[in-house]
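J.: This structure is in structure tokens; I'll ask about it shortly.
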């Protein structure tokens, strides 16, 4: 994955597997590593309307079963996106 990130000139690798991407190995290539939770919260702070619209589209596609906002946020929490779910909770009416 690191070779692909270097070749693709990526700025950040988004992964739950932070252990295999030590900062000292990435620094020479100016690549950062972020947990998906951190990445999504950062994007929520940068463009809340855009991220909320994306979440709304994802929820609209989940039809069997239908995902209420609370159920969707609970699912995010269960998949280790705890901060994302907490932050999105403040935008529930937009989701």
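In UniProt numbering, the protein residues as written are 1 to 95. Using N, Cα and C, we set each Cβ at its ideal position, and we do this for glycine too. Since the structure is predicted, the reported quantities are computational estimates derived from the model, not experimental observations.
#1: So, for residue 73: in the same chain, excluding its five sequence neighbours on each side, which residues have a beta-carbon less than 7 Å away from its beta-carbon?
#2: Taking DSSP's pairing of strands, which residues face residue 16 in a bridge?
#3: Determine, using beta carbons only, whether residue 152 and residue 47 come nearer to each other than 8 Å.
#4: Enumerated in chain order, which unbroken segments of the alpha helix (DSSP H) with a length of 4 residues or greater are wholly contained in the UniProt domain "VapC50 C-terminal" (36-89)?
#5: Go through its chain and collect everything with a Cβ distance to residue 35's Cβ below 7 Å, but skip five positions before and after it.
T.: With the structure as the only source:
#1: 85, 88, 89
#2: Partner(s): none; residue 16 has no beta bridge.
#3: The structure shown has nothing for residue 152, since the chain only spans 1 to 95.
#4: 36-46, 48-61, 69-78, 82-89
#5: 16, 18
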